[in-house]
Structures are given as structure tokens and as C-alpha cells.
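Going down the list, the sequences are from chains A and B.
Read in order, the letters of the first sequence are residues 96 to 488 in the working numbering.
Read in order, the letters of the second sequence are residues 96 to 488 in the working numbering.
Cβ coordinates follow ideal geometry from the N, Cα and C atoms, glycine included.
Below is one structure, written out as C-alpha cells; the observations come after it.
Number of protein chains: 2
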Amino acid sequence: MTTMTIGPTSEKTPAPPKLNPPERLLFGPGPSNPDPRVLQAMTANQIGHLDPYFVELMDQVMRSLRGVFRTANHHTLPISATGSAGIETIMMNLLEDGDSAVIGVAGYFGHRMAEMARRAGADVRVVEVPSGQTLDPAQIDAELKKKPAKLVGFVHAETTTGACQPIAPMVEVAKRYDALVAMDCVTSLAGLPIDLDALGVDAAGSCSQKCIGAPPGLGPISIGPRAMQAVQARKSKPHTWYLDLALLFQYWGEERASRSRAFHHTAPIAMIYGFHEAMRLILEEGLEARWARHQTAHEALVRGLDKLGISLFPAPADRCATINVVNVPTGVDEAAVRRRLLGMGVEMSGGLGVLAGKVWRIGVMGYNAQIPRVERFLGALEEALRAEGWKAA
Amino acid sequence: MTTMTIGPTSEKTPAPPKLNPPERLLFGPGPSNPDPRVLQAMTANQIGHLDPYFVELMDQVMRSLRGVFRTANHHTLPISATGSAGIETIMMNLLEDGDSAVIGVAGYFGHRMAEMARRAGADVRVVEVPSGQTLDPAQIDAELKKKPAKLVGFVHAETTTGACQPIAPMVEVAKRYDALVAMDCVTSLAGLPIDLDALGVDAAGSCSQKCIGAPPGLGPISIGPRAMQAVQARKSKPHTWYLDLALLFQYWGEERASRSRAFHHTAPIAMIYGFHEAMRLILEEGLEARWARHQTAHEALVRGLDKLGISLFPAPADRCATINVVNVPTGVDEAAVRRRLLGMGVEMSGGLGVLAGKVWRIGVMGYNAQIPRVERFLGALEEALRAEGWKAA
Numbered sequence: 096m097t098t099m100t101i102g103p104t105s106e107k108t109p110a111p112p113k114l115n116p117p118e119r120l121l122f123g124p125g126p127s128n129p130d131p132r133v134l135q136a137m138t139a140n141q142i143g144h145l146d147p148y149f150v151e152l153m154d155q156v157m158r159s160l161r162g163v164f165r166t167a168n169h170h171t172l173p174i175s176a177t178g179s180a181g182i183e184t185i186m187m188n189l190l191e192d193g194d195s196a197v198i199g200v201a202g203y204f205g206h207r208m209a210e211m212a213r214r215a216g217a218d219v220r221v222v223e224v225p226s227g228q229t230l231d232p233a234q235i236d237a238e239l240k241k242k243p244a245k246l247v248g249f250v251h252a253e254t255t256t257g258a259c260q261p262i263a264p265m266v267e268v269a270k271r272y273d274a275l276v277a278m279d280c281v282t283s284l285a286g287l288p289i290d291l292d293a294l295g296v297d298a299a300g301s302c303s304q305k306c307i308g309a310p311p312g313l314g315p316i317s318i319g320p321r322a323m324q325a326v327q328a329r330k331s332k333p334h335t336w337y338l339d340l341a342l343l344f345q346y347w348g349e350e351r352a353s354r355s356r357a358f359h360h361t362a363p364i365a366m367i368y369g370f371h372e373a374m375r376l377i378l379e380e381g382l383e384a385r386w387a388r389h390q391t392a393h394e395a396l397v398r399g400l401d402k403l404g405i406s407l408f409p410a411p412a413d414r415c416a417t418i419n420v421v422n423v424p425t426g427v428d429e430a431a432v433r434r435r436l437l438g439m440g441v442e443m444s445g446g447l448g449v450l451a452g453k454v455w456r457i458g459v460m461g462y463n464a465q466i467p468r469v470e471r472f473l474g475a476l477e478e479a480l481r482a483e484g485w486k487a488a
Numbered sequence: 096m097t098t099m100t101i102g103p104t105s106e107k108t109p110a111p112p113k114l115n116p117p118e119r120l121l122f123g124p125g126p127s128n129p130d131p132r133v134l135q136a137m138t139a140n141q142i143g144h145l146d147p148y149f150v151e152l153m154d155q156v157m158r159s160l161r162g163v164f165r166t167a168n169h170h171t172l173p174i175s176a177t178g179s180a181g182i183e184t185i186m187m188n189l190l191e192d193g194d195s196a197v198i199g200v201a202g203y204f205g206h207r208m209a210e211m212a213r214r215a216g217a218d219v220r221v222v223e224v225p226s227g228q229t230l231d232p233a234q235i236d237a238e239l240k241k242k243p244a245k246l247v248g249f250v251h252a253e254t255t256t257g258a259c260q261p262i263a264p265m266v267e268v269a270k271r272y273d274a275l276v277a278m279d280c281v282t283s284l285a286g287l288p289i290d291l292d293a294l295g296v297d298a299a300g301s302c303s304q305k306c307i308g309a310p311p312g313l314g315p316i317s318i319g320p321r322a323m324q325a326v327q328a329r330k331s332k333p334h335t336w337y338l339d340l341a342l343l344f345q346y347w348g349e350e351r352a353s354r355s356r357a358f359h360h361t362a363p364i365a366m367i368y369g370f371h372e373a374m375r376l377i378l379e380e381g382l383e384a385r386w387a388r389h390q391t392a393h394e395a396l397v398r399g400l401d402k403l404g405i406s407l408f409p410a411p412a413d414r415c416a417t418i419n420v421v422n423v424p425t426g427v428d429e430a431a432v433r434r435r436l437l438g439m440g441v442e443m444s445g446g447l448g449v450l451a452g453k454v455w456r457i458g459v460m461g462y463n464a465q466i467p468r469v470e471r472f473l474g475a476l477e478e479a480l481r482a483e484g485w486k487a488a
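Here's what the structure looks like:
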């Protein structure tokens, strides 16, 4: 055995207090409240990441996730990190030094995708619209006409503005120029209609903690055949080991077919348990029913907000059902209302960037996309508004 | 609201079966069994990642983690991904294109660190020893004498060979050449004596699922002032957005002092809850007591193995208490023994790479580093050996 010589011991750190987080109704842009079944699943017997049961569970999780994405893409898995890392995985693997990318930007998360593409070494051209608007595919067309690109990227549901980008026209224009299509569906997957294969999206990334309804911690992605061809045709290895798809699929995918799973990293067992249960809930409910439930809950929210005289920020045709960005009523201290609401155990969120102080962001996602929960939220919001001196118009 | 046109709906995916993982005594190289308190903590009320309670919890988690690393380093946090990503974070941020690094390799995880350094763009020189041995600091000295390096990296407890690298002499030689010291302590933190500040290590990374005793999913790291200076002096941005320390600390660290936390990614709330509880258990027990418990459990294991005629692979002076790599007895079908053991609900692991088929890897870590649990393991191993036709020598 090894005896190590230890220098002067640092001051002893006291044990922290017991965890005691408050109860919250999570109507911010995410996380949403998970179904209690999801949290319970996370406490199931912990096993090894190469245990035969876990190896089978990985296959099952990939099958379920394909169902949620509506895709036959073999290369569909939850990245062992949060949703941001899922999008980064797509950028880091589909792009390499010197590649060209056109990224549509309608808010913070478009900018983030562009920055990730730059970190991957790509020459990035940004096509931008003002906050609250969606991109016109003709803008992308014009940019690609100037100079082709390997990849066109955009965000489906822009969480900072509440605007929802129609997918099909974006795919159509990108394909016209033979560009790969990458989509951030972090705030839409399992809440808004997405059929990856019918739409022809080559790579998409989401998160675990919004419409899917598990805690944050996983970045579900799906990579189609055209995108995998691009990955296989890379001239250089990606600037990442952890998010290298070629290595990841030797662990998760069919690339291991002829032998046992190659060790890559240790999968986050408890998170995968919760994610499995969340997808089980989704597939039990049925995607169409779940999409309809999100739409119904959104409509109930909008009706309730309308009664309070609160309007939505994006134009009606551009709105996401899952993330509602609303104009703060005039004469109201928006931060005070949010603080008061949080004091009642209800979270909604303020604006980011140029919209800070001007909007609230109200997520109606996953388990929370139920009329009774929406009504609880609306009641609390009205109460908080009144307590802060607001009077209905 | 947006109505999306959806193409031909893919075949409906049935809901997967209910999760039902088997009970396992996890004596592989990790994950180890978490204390039940840790799993319970993960189910606490889920809250938003910018909730005042969570923001305070992040500070508390950083304080506790400093205690576990025995460091005053402000820049100490759990990366929102597994232990591998923690090591990658260190390499991606401390190194940039054209930097020079010397990586000591005593097994698979040394090679992995070298590969991560290459992905960061560094010119990597590997100093290697045969499996089961530890590096001689004179080898590093000779390499640095030939040509200096910005960083010297090594693995403390090499999980593939069970060899434990003495830290202090490695630091001493690196500092002589003014190189930063990066250490992988994935299989040692909270199990073997580590005092980061007394040792003078500039950057260290571990995992949540071994001696710390939480489920896999987080990569705790600590970055010292010399390393942060190097990060701040970078000529280019890191080839990663998700693991960019400058961005991460605007969310987690004192860099946010003058304003509210800048949004980066959504922290994995439930994992942080479990990690908090695991560190609470560590600090309640006290690090010295915990190190001693790991040592005592290791000694009990070695005595028991000795009675079975099973010897350890590394030389006595080089052994890790936390990960015991043992020689498979002659005439035994090693895979059959492991399968039989797993059938009894007990996991140990086979060898990786050149050691495949030759060794077993037995982890005695975290909650499992208790004599009664070691005895359960030993009893099961003897039973499995006999069932496979083995006879004590």
C-alpha cells in the first residue's frame, strides 16, 4: 500500500446543511417540474455502466428516443451532459476547421449555436432577425447564393423571444444548396410537432428538462445518415474527446456490433433511469396527444393572460406553445412581481439580453402543460400583480 | 399559435417496459453504490437553476468541494458532465494550439489524458511505463530537459492497472521547469489522501461516482491561481463553448460578483442535489477518517484475497487502496467467474487493453469501503470461484 506524505492540512471544512429546496411550480423557460415517477426512477438500484441490464437499457433508450424524435436514425442518443452540450456535439462533429456554416439567429440561442460553430473551427456567417421575429428562408437562400455552406443551423423554438421557426421551409432552402441542416429543438421536442424524418432535418439536439420532463443533465441528439457521412469524411479529429461521435457510438451504437461495448465514459446511470421513465411517459401518452396537450395548455394560458390584459411578444403566427414570452404590463415593477411570485412558490422568468426588463418568459412544458397547473399559475400571477399595486385595465 | 405541417408520421414507438434494474454490490472500478441518502436527496423538490436557493446551493457546493480537494482555489466546481469531461475541461482550457505538454502514461487513462491534450491542439509528448508500474519523476525531468512544456499531466490512481502515482515528486519536477501540473484523481479523490494546496497541484479533476459516492454524471475539478493565469493569458478561445472555464465561472464563480449569475447552461439540478449530499457525508465523516476507512477496507480485501491465493498485480509500494487490480488465478475462466459473480448480484471488472483476460479489477470505494461489504464481496467471490471448478491452492 502507498503511504503518502501530506503537507500542512488545510482548515477543516464543516459539513454543509441538509438539502431543503423549496417547493416550486416551474413555469420558467425550464426546467419544468418532472412527473414524480421520473424522480422515483432515479433512485432505482444503481448498477454498472457495462452491466448487461444497463447495456440493454441503452438500446431501449435509443429506441424510445427515436420514437420521440420520430426518426429511424440509428445515431440517436442522450449526450452525457446538458442540452447545450448536445448542440455543441452536433457543431463539433459536423464542422471542422475551415468549413463554412450559415446560422440563422432570432435570439440568444441562435447566437450560441453560431459561437459553438466558431469554436468548432468553422467560418460562420450569421443571418439575423430582430427579437420576436422568425427567419425568412429567403434570407438563408440569399446567403447561400453568395457562397455555399456545409451546414445551415437554426433554433426551432427560440427560448429568449418565444418565436417558433417553421422547420420545413428552412430545410427546403438548405437542401437546395446541398447543405446539412442542424436544428436546436431544446424548447420544443416532445412539446411541439416534430417529425425529424418527414422534415428531413439532418441533426437535431434537445434537452431533458423541458417538454421531455426529466431533470436537466442530458442532451438528446439525433444524427441522420447524411450528417454521419460528413462525420466519417472529416479530414481531422474533432476538437473534443468527450463529445466525439465516432467514439461515443463505439460505446452506444451499432459500431460495437461485432464486439462488446467499447468503454468511453461512464454513462450517468441515475439520469438515464429518469430519462427512460420520462420517455416511457411520453410514449404511453402518445406524441400527438402530448403535442395537443401542450397546445391546449398554451391556449388556456393565453386566454388567462388576455383577461389580465397581458399580451404576447411575438406575432400570433410566430408563437411557440411551449415558451410564452409576454410583454410586462406598463407601470409594473417586473422584478418585484417575479420575486413576489417566487415567494408564493411559483417561478417565471425575466427577459434575457435586449429583452431584459421588458418581458416575462412563461414556460408551459411537460408535466406542467395541464389546465389545472396553468390555472394555478394564472391565479398566482394575478395575486402577485395585485400585491404589487397593479390594477386590471 | 403555430400550426406545423407534419409529413407521414413515422411508425409509432411502443412505450418501453418499466425500469427494473437488479440489485448490485458494485465492486468494479466504478460506479460504487451510493449511500441511500444520496439517491434520496436527488428526489428533493426540483427548482430552477437561477432560483435563489439554487444559487446559494452552488456556492455551498463549491465550498464543500474545496474541502474535499483540500484547497483554497476559488475555481473549484463540478462540471455538468461525467469525470471524463472534467479532465477534458482542464486540457481544453489550460492548453491551446501549439502549446507543449508532457503526459505521464501508466495505463489507459494516461493515454486518454494525452489524447485530450492533443484534441486541445497541444504538441504532446508521452512518457510511458509498462502496465502496473508508476512513473519515475526522473523520466519527466529528462523529457523537460530536452524541451520545456507548458503542462505536465499524470494520473494519480490508474484505474486500469491499480498503480498509484506518488504526487509530490511529480509536482516537484514539473515546477522545476515552471510547468503547470494537471492531475487525474478520478479514482482517488475522497478515498486516498489528497491535499491539493499542500501538494501544489495546479489543476485536478475527479468524478462523482467512485470514492465521492454519488451516481456518475459530474466532473468535479479544481483550478489553481497559476492555472487560471494561464487560462486568462490564452491567445485564442478554447475549442469548446460548453467547457469554457471563462464562461463557466461567469455562471458559477466570483466573476459574477458585480451582477447576477450570467446564464451559461442549465445546471443538472438533481445531480447537484445528490453530489451535495455525498459531500455532506464526506465532511460529516471527515476526510482523514474516510481515507483511513478506505485503507482499512483495502487491507481487509487484500488479506481475504491472499487467503484465496489471489495476488495483486502492482508491486506492494505502488498499490492504490481504492482500485485493486489482481491476477486471475491460473486455470480459471475469468469471464465465467465474473458472470457467475454478477449472477449473484456482485460486480467486479475484467482487465482493459493489454490486461484483458489477465486481471480482475476490484474497486473498494465510497459507501462500499466498509468491512462487512468487503466480506460479502469476498464470500461471493470464493463461492463463484468454487462454482467454476476452482480449488484453493
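| Check | Outcome |
| --- | --- |
| Beta carbon proximity, CYS302/B to chain A, threshold 9 angstroms | yes |
| Chain A contact for HIS170/B (CB, 9 angstroms cutoff) | no |
| Check whether MET443/B and ARG435/B have beta carbons under 9 angstroms apart | no |
| First through last residue of the alpha helix (DSSP H) which encompasses THR391/A | 382–402 |
| Bounding residues of the alpha helix (DSSP H) (the contiguous stretch that carries TRP336/A) | Looking at the DSSP string, TRP336/A is not in any alpha helix (DSSP H), and its letter there is neither H nor E. |
| Residue range of the unbroken beta strand (DSSP E) whose run includes VAL449/B | Unbroken run through VAL449/B: none, as it is neither H nor E. |
| TYR346/B versus SER331/A - alpha carbon distance | 32 angstroms |
| Closest residue to LYS305/B among ARG132/B, TYR462/B, LEU480/B, LYS107/B (Cα-Cα distance) | TYR462/B |
| Reference ASN422/A, options GLY445/A, VAL276/A, ALA412/A, PRO173/A, closest by Cα | GLY445/A |
| Residues that ALA159/A contacts on chain B, provided the C-beta gap is smaller than 7 angstroms | The question names Ala, but residue 159/A in the sequence shown is Ser. The contacting residues are THR108, PRO111. |
| Beta-carbon proximity of ILE364/B to PRO310/A, cut-off 9 angstroms | yes |
| Three-state secondary structure assigned by DSSP to SER195/B | strand |
| Contact residues within the stretch 128–140 of chain B, judged by C-beta distance below 8 angstroms to chain A | ASN128, PRO129, LEU134, GLN135, ALA136, MET137, THR138, ALA139, ASN140 |
| Cβ pair count under 8 angstroms reaching 3, the stretch 386–395 of chain B against the stretch 366–374 of chain B | no |
| In DSSP terms, what CYS259/B is bridged to | ALA252/B |
| Boundaries of the beta strand (DSSP E) in which THR171/B is found, first to last residue | 170–174 |
| Cut-off 6 angstroms between Cβ atoms - residues of its own chain near LEU172/A, not counting five sequence neighbours on either side | MET157, TRP347 |
| For MET278/B, the residue or residues it bridges with in DSSP | PHE249/B, ALA299/B |
| For PRO117/B, the three-state DSSP class (helix, strand or coil) | coil |
| Rounded separation between MET137/A and SER303/A - CA only | 14 angstroms |
| Close beta carbons around ARG354/B, own chain, < 6 angstroms, minus the five adjacent residues each side | Confidence in ARG354/B is poor, its pLDDT being 49 and thus under 50, which makes the residue's placement unreliable; the coordinate value appears in the next sentence. Result list for ARG354/B: empty, nothing under 6 angstroms. |
| Interface residues of chain A facing TYR148/B [CB-CB closer than 7 angstroms] | PRO116, PRO117 |
| Spatial neighbours of LEU294/B in its chain, beta-carbon cut-off 8 angstroms, leaving aside the 5 residues before and after | ILE262, ALA263, VAL266 |
| DSSP state of PRO315/A mapped onto helix, strand, coil | strand |
| Cβ neighbour criterion (16 or more within 10 Å) applied to ILE466/B | exposed |
| Residues that ARG456/B bridges to, as DSSP identifies them | VAL420/B, SER444/B |
| Sequence-distant residues of the same chain with beta carbon closer than 7 angstroms to ALA431/A, five excluded per side | GLU483 |
| GLU489/B versus SER283/B: straight-line alpha-carbon distance, rounded | Chain B is shown from 96 up to 488; residue 489/B falls before or after that span and cannot be answered. |
| Assigned secondary structure, GLU223/A (DSSP; H/G/I helix, E/B strand, else coil) | strand |
| Separation of GLY440/B from PHE472/B, as counted between CA atoms | 10 angstroms |
| Integer Cβ distance of ALA298/B from GLY319/B, believed to fall under 8 angstroms | 7 angstroms |
| LYS107/B, buried or exposed, once every other Cβ within 10 Å from all chains shown has been counted against 16 | exposed |
| Beta carbon proximity, ARG468/A to chain B, threshold 9 angstroms | no |
| ASN115/B burial status per 10 Å Cβ neighbour count (16 or more: buried) | exposed |
| Stretch-stretch touch, CB-based, cutoff 8 angstroms, three pairs: the stretch 222–235 of chain B with the stretch 183–192 of chain B | no |
| Nonlocal neighbours in the same chain, by C-beta distance under 7 angstroms from LEU447/A, ignoring five residues either side | TYR203, THR255 |
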